[in-house]
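Report on one structure; see the data block that follows.
Protein chains: 2
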Amino acid sequence: MVRQRIEIKKIDNVTSRQVTFSKRRRGLFKKARELSTLCDAEIALIVFSSTGRLFDYSSSSMGQVIERHNQQTENLIQLNQPSLELQLDNSASAIAIKEVEEKTLELRRLRGEELHGLSLEELKKLEKTLEGGISRVLKTKSEVFEKEIAALKRKMGSDIGQTQEQGQSSDQSIITTTTNGSSAAAPPPRDYDSSDTSLKLG
Amino acid sequence: MVRQRIEIKKIDNVTSRQVTFSKRRRGLFKKARELSTLCDAEIALIVFSSTGRLFDYSSSSMGQVIERHNQQTENLIQLNQPSLELQLDNSASAIAIKEVEEKTLELRRLRGEELHGLSLEELKKLEKTLEGGISRVLKTKSEVFEKEIAALKRKMGSDIGQTQEQGQSSDQSIITTTTNGSSAAAPPPRDYDSSDTSLKLG
DNA sequence: GTAACTATATATAATCG
DNA sequence: TCGATTATATATAGTTA
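Order-wise, the sequence lines are chains A and B.
Once you know that position 171 of the first sequence is 174 in our numbering, the rest is easy, because the numbers rise by one and skip nothing.
Once you know that position 103 of the second sequence is 106 in our numbering, the rest is easy, because the numbers rise by one and skip nothing.
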């Protein structure tokens with residue numbers, strides 16, 4: 004945005020990521036407040052930093068806005084009426100269920116299924132999304148390929164007698180294609196500072 | 004903010020309030036998306052316009068963010084003890100949320116994001132999926148296009164009669180009307196604001 | 001209603017203290 | 001690690017078509 008325009012992708016450097024987060028978060032909340040005031044809109048904004056800190060804002064009451072959101076989204080699916088008690092507190096569940104449906108449909112459409120009834124405009128948008136995806140996938144593929152080739156060359160040059168294999172995911176990627184002989188490119192690049200408090204399934 | 008600085012208070016004029024709402028809403032959602040991407044933050048944003056239209060965005064899953072927010076704030080409030088039913092409901096919620104996470108990841112990868120760490124094999128699979136999707140989307144697009152053209156031609160033929168090659172005394176409203184009519188079967192219009200969902204109140 | 005088009009106001013990345 | 005500064009990139013109020 005300044006001095007130099009930045010690309011919108013995850014900032015690698017942890018420090019500058021935190022600085023940017025702090026600045027932009029303030030800006031975002033300010034914009035939200037302004038929109039609410041100027042246009043009489045009801046707004047809820049929830050932000051979790053990557054370290055798990057919570058920031059939130061609501062023009063009225065967080066619960067109220069969420070409840071309203073819940074009511075609108077609930078109408079889109081047939082929820083089996085759980086119990087009167089539950090109805091009040093299952094907003095997250097209802098929303099999640101609806102989200103699964105939405106995302107499932109979107110996935111199918113990206114795969115070229117369930118396209119009937121879509122307008123030309125929507126089809127064009129899909130096409131654009133797919134074009135973008137394929138271009139980035141191809142780019143990444145070349146990068147990975149180059150990296151593997153380089154690693155292979157290094158290995159041949161220095162040491163010819165070492166084989167290393169690490170059980171990664173349960174995916175049996177032994178059946179790789181020709182160029183993929185030494186699967187050196189599957190290191191799990193995980194995050195560093197995530198005191199994530201999200202719940203896990205048992 | 005431009006031409007002249009405005010005061011942050013409710014805009015009286017209804018028209019300009021709506022225009023401002025539309026512009027600023029887009030800006031706000033864009034900022035939210037950018038913050039999420041740049042800083043790896045989890046964000047939920049809910050906006051109700053003064054007319055009751057809903058717009059929302061969530062970096063991952065709305066239900067998940069709300070649930071996480073609830074958990075954090077729950078500690079501050081005295082909650083009536085969770086009943087057995089609620090616990091069951093939470094696990095259902097957790098399952099749904101996990102599904103949302105999985106589908107979200109897959110969607111992002113199809114869009115060419117979050118590709119790091121994927122093996123060549125997985126990238127090839129993605130590419131194949133995308134190729135298939137785009138081919139079917141293109142096919143459907145041509146079909147829809149042909150259909151609309153055909154409908155248009157039929158309409159013009161019956162309205163104007165046949166072999167009226169040169170007597171172009173017919174007014175343009177016919178063309179306009181038929182054009183609109185042919186697309187009347189299009190699905191309900193959505194607000195094109197990325198992943199925002201909009202609804203109307205009764 | 002809306003789709004550009006500016007001229008400015010803001011936001012903010014990089015830098016400095 | 002911060003706050004302050006500054007040079008640019010963005011956002012957008014007012015306007016026009």
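A virtual CB, placed ideally from N, CA and C, is assigned to each residue, including glycine.
Legend entry - CB contact below 8 Å: A:Val-17 versus chain B: One-based indexing of the first sequence puts residue 17 of chain A at position 14. Chain B contact via Cβ: absent.
Legend entry - Continuous beta strand (DSSP E) stretch holding A:Ile-46: start and end: One-based indexing of the first sequence puts residue 46 of chain A at position 43. 45 to 51 is the extent of the beta strand (DSSP E) around A:Ile-46.
Inset, instruction - Grab me the residues of A:Arg-35's own chain with a C-beta within less than 7 Å of its C-beta, minus the 5 sequence neighbours each way, in chain order. - result: As a working note, residue 35 of chain A is residue 32 in the first sequence. Rather than Arg, the amino acid found at residue 35 of chain A in this sequence is Ala. Non-local C-beta neighbours of A:Ala-35 in its own chain, meaning closer than 7 Å and more than five positions away in sequence, comprise Ile-46, Leu-48 and Tyr-60, ordered along the chain.
Legend entry - Listed by chain order, chain A residues near B:Ile-11 by CB distance under 9 Å: Taking the first residue of the second sequence as position 1, residue 11 of chain B is located at position 8. Residues of chain A whose Cβ lies closer than 9 Å to the Cβ of B:Ile-11 are, in chain order, Arg-36, Glu-37, Thr-40 and Leu-41.
Inset, instruction - Compute the Euclidean distance between the alpha carbons of B:Leu-155 and B:Ser-145, then round it to the nearest angstrom. - result: The residue you call residue 155 of chain B lines up with position 152 of the second sequence. The residue you call residue 145 of chain B lines up with position 142 of the second sequence. Distance from the CA of B:Leu-155 to the CA of B:Ser-145, rounded to the nearest whole angstrom, comes to 15 Å.
Inset, instruction - Could you please tell me which residues of the region 54 to 80 of chain A, in chain order, have their CB closer than 7 Å to any CB of chain B? - result: Within the region 54 to 80 of chain A, the residues whose Cβ lies closer than 7 Å to some Cβ of chain B are Leu-57, Asp-59, Val-68, Ile-69, Arg-71, His-72 and Gln-75, listed in chain order.
Inset, instruction - Have a look at A:Leu-110 and B:Ser-64 and give me their C-alpha separation to the nearest angstrom. - result: Within the first sequence, residue 110 of chain A is the residue found at index 107, counting from 1. Within the second sequence, residue 64 of chain B is the residue found at index 61, counting from 1. Near 15 Å, if we compare the C-alpha coordinates of B:Ser-64 and A:Leu-110.
Inset, instruction - Compile a chain-ordered list of the residues in the region 110 to 135 of chain A whose CB is closer than 9 Å to at least one CB of chain B. - result: Against chain B - using a Cβ distance shorter than 9 Å - the residues of the region 110 to 135 of chain A are Leu-110, Arg-112, Leu-113, Arg-114, Gly-115, Glu-116, Leu-118, His-119, Gly-120, Leu-121, Ser-122, Leu-123, Glu-124, Glu-125, Leu-126, Lys-127, Lys-128, Leu-129, Glu-130, Thr-132, Leu-133, Glu-134 and Gly-135.
Inset, instruction - Have a look at the DSSP bridge pairing and note the partners of A:Val-140. - result: What you label residue 140 of chain A is simply residue 137 of the first sequence in a count that begins at 1. Beta-bridge analysis with DSSP links A:Val-140 to no other residue.
Legend entry - Residue of A:Ile-69, A:Ser-96, A:Leu-129 and A:Ser-52 minimising C-alpha distance to B:Ala-44: Translated into the one-based positions of the second sequence, residue 44 of chain B becomes position 41. Of the candidates A:Ile-69, A:Ser-96, A:Leu-129 and A:Ser-52, the one whose C-alpha sits nearest the C-alpha of B:Ala-44 is A:Ser-52.
Inset, instruction - In the DSSP assignment, find the unbroken alpha helix (DSSP H) run with A:Ser-94 in it and report its ends. - result: Counting from 1 along the first sequence, the entry for residue 94 of chain A is found at position 91. That run of the alpha helix (DSSP H) goes 94 to 113.
Legend entry - Three-way DSSP call (helix, strand, coil) for B:Gln-81 in this model: Taking the second sequence and counting its residues from 1, the one referred to as residue 81 of chain B is at position 78. Residue confidence for B:Gln-81 is low, a pLDDT of 41 falling below 50, so the modelled location carries little weight and cannot support an answer.
Inset, instruction - Output yes if chain B places a C-beta closer than 8 Å to the C-beta of A:Arg-29; else output no. - result: Walking along the first sequence from the start, residue 29 of chain A turns up at place 26. Not an interface residue.
Inset, instruction - Rounded to whole angstroms, what's the CA-CA distance from A:Thr-23 to B:Glu-117? Just pull it up for me. - result: Numbered from 1 along the first sequence, position 20 holds the residue referred to as residue 23 of chain A. Numbered from 1 along the second sequence, position 114 holds the residue referred to as residue 117 of chain B. Rounded to the nearest angstrom, the two C-alpha atoms are 21 Å apart.
Legend entry - Other residues of its chain near B:Ile-80: CB distance less than 8 Å, five sequence neighbours each side excluded: In the second sequence, residue 80 of chain B corresponds to position 77, counting from 1. Because B:Ile-80 carries a pLDDT of 44, less than 50, the predicted location of this residue cannot be relied on, and no value is offered for it.
Legend entry - Top-ranked residue by Cα proximity to A:Thr-54, from A:Val-17, A:Ser-94 and A:Ile-69: By one-based count along the first sequence, residue 54 of chain A stands at place 51. When each option's Cα is compared against that of A:Thr-54, the closest is A:Val-17.
Inset, instruction - Determine whether the Cβ of B:Ala-44 lies closer than 8 Å to any Cβ atom of chain A. - result: As a working note, residue 44 of chain B is residue 41 in the second sequence. Judged by the 8 Å Cβ criterion, B:Ala-44 is in contact with chain A.
Inset, instruction - Report the three-state DSSP secondary structure of B:Ser-61 (helix, strand or coil). - result: Numbered from its first residue, the second sequence carries residue 61 of chain B at position 58. The answer is strand: DSSP assigns B:Ser-61 an E or B state.
Inset, instruction - Could you spell out the range, first to last residue, of the alpha helix (DSSP H) harbouring B:Ser-25? - result: Within the second sequence, the letter at position 22 stands for residue 25 of chain B. It spans 17 to 42 - the alpha helix (DSSP H) in which B:Ser-25 sits, taken as one unbroken run.
Legend entry - chain A within 8 Å of B:Glu-102, Cβ atoms only: Mapped onto the second sequence, residue 102 of chain B falls at position 99. True, the Cβ-Cβ gap to chain A drops below 8 Å.
Inset, instruction - At 7 Å on the CB atoms, spell out the chain B contacts of A:Lys-106, in chain order. - result: Start at 1 with the first residue of the first sequence, and residue 106 of chain A comes out as number 103. Correct list: Val-103, Lys-106, Thr-107 and Leu-110.
Inset, instruction - At 7 Å on the CB atoms, spell out the chain A contacts of B:Leu-155, in chain order. - result: Translated into the one-based positions of the second sequence, residue 155 of chain B becomes position 152. The premise fails here: B:Leu-155 is roughly 13 Å from chain A at the closest Cβ pair, so nothing lies under 7 Å.
Inset, instruction - Please check if any C-beta of chain A sits within less than 8 Å of the C-beta of B:Ile-137. - result: Here residue 137 of chain B is taken as the residue at index 134 of the second sequence, counted from 1. At least one CB atom of chain A sits nearer than 8 Å to the CB of B:Ile-137.
Inset, instruction - To the nearest angstrom, report how far apart B:Arg-27 and B:Gly-120 are at their CA atoms. - result: The residue you call residue 27 of chain B lines up with position 24 of the second sequence. The residue you call residue 120 of chain B lines up with position 117 of the second sequence. B:Arg-27 and B:Gly-120 have their alpha carbons spaced roughly 37 Å apart.
Inset, instruction - Have a look at the DSSP bridge pairing and note the partners of B:Gln-7. - result: Start at 1 with the first residue of the second sequence, and residue 7 of chain B comes out as number 4. Note: B:Gln-7 sits in a beta bridge opposite B:Val-5.
Inset, instruction - Would you kindly work out how many angstroms separate the C-alpha atoms of B:Arg-71 and A:Leu-41, rounded to a whole number? - result: Within the second sequence, residue 71 of chain B is the residue found at index 68, counting from 1. Within the first sequence, residue 41 of chain A is the residue found at index 38, counting from 1. Going by C-alpha positions, B:Arg-71 is about 30 Å away from A:Leu-41.
Inset, instruction - Let me know if B:Ile-137 comes out buried or exposed under the rule of 16 or more other beta-carbons within 10 Å of its beta-carbon. - result: Reading the second sequence from its first residue, position 134 is the one you call residue 137 of chain B. Buried: at least 16 other Cβ atoms inside 10 Å.
Legend entry - Cutoff 8 Å: A:Arg-20 Cβ touching any chain B Cβ: For this step, residue 20 of chain A is matched to residue 17 along the first sequence. Taking Cβ atoms only, chain B reaches closer than 8 Å to A:Arg-20, which makes this a yes.
Legend entry - Within chain A, the residues that B:Val-5 reaches when beta carbons sit closer than 8 Å: Here residue 5 of chain B refers to the residue found at position 2 of the second sequence. Neighbourhood of B:Val-5 in chain A, by CB distance below 8 Å: empty, with the nearest CB roughly 14 Å away.
Inset, instruction - Indicate whether at least one CB of chain A lies closer than 8 Å to the CB of B:Gln-169. - result: Reading the second sequence from its first residue, position 166 is the one you call residue 169 of chain B. Note that B:Gln-169 scores 40 on pLDDT, short of 50, meaning its location in the model is unreliable and no value can be drawn from it.
Inset, instruction - Taking B:Lys-158 as the query, report the chain A residues whose CB atoms sit under 9 Å from its CB, ordered along the chain. - result: Translated into positions along the second sequence, residue 158 of chain B becomes position 155. Residues of chain A passing the Cβ test: none, with the nearest at roughly 17 Å.
Inset, instruction - Give me the Cα-Cα distance between B:Lys-158 and B:Lys-142, rounded to the nearest whole angstrom. - result: On the second sequence, position 155 is the one that residue 158 of chain B refers to. On the second sequence, position 139 is the one that residue 142 of chain B refers to. Between the C-alpha atoms of B:Lys-158 and B:Lys-142 there is a straight-line separation of about 24 Å.
Inset, instruction - Report the three-state DSSP secondary structure of B:His-119 (helix, strand or coil). - result: By one-based count along the second sequence, residue 119 of chain B stands at place 116. The answer is coil: DSSP assigns B:His-119 none of H, G, I, E or B.
Inset, instruction - Helix, strand or coil for B:Gln-175, going by three-state DSSP, please let me know. - result: For the purposes of this step, residue 175 of chain B is taken as residue 172 along the second sequence, with counting starting at 1. Residue placement at B:Gln-175 cannot be trusted, given a pLDDT of 36 that sits under 50; what the coordinates show is reported in the next sentence. Reduced to three states, the DSSP call for B:Gln-175 is coil.
Legend entry - Under 9 Å from the C-beta of B:Ile-152: neighbouring residues of chain A: Translated into positions along the second sequence, residue 152 of chain B becomes position 149. Among the residues of chain A, none has a CB under 9 Å from the CB of B:Ile-152; the nearest is roughly 11 Å distant.
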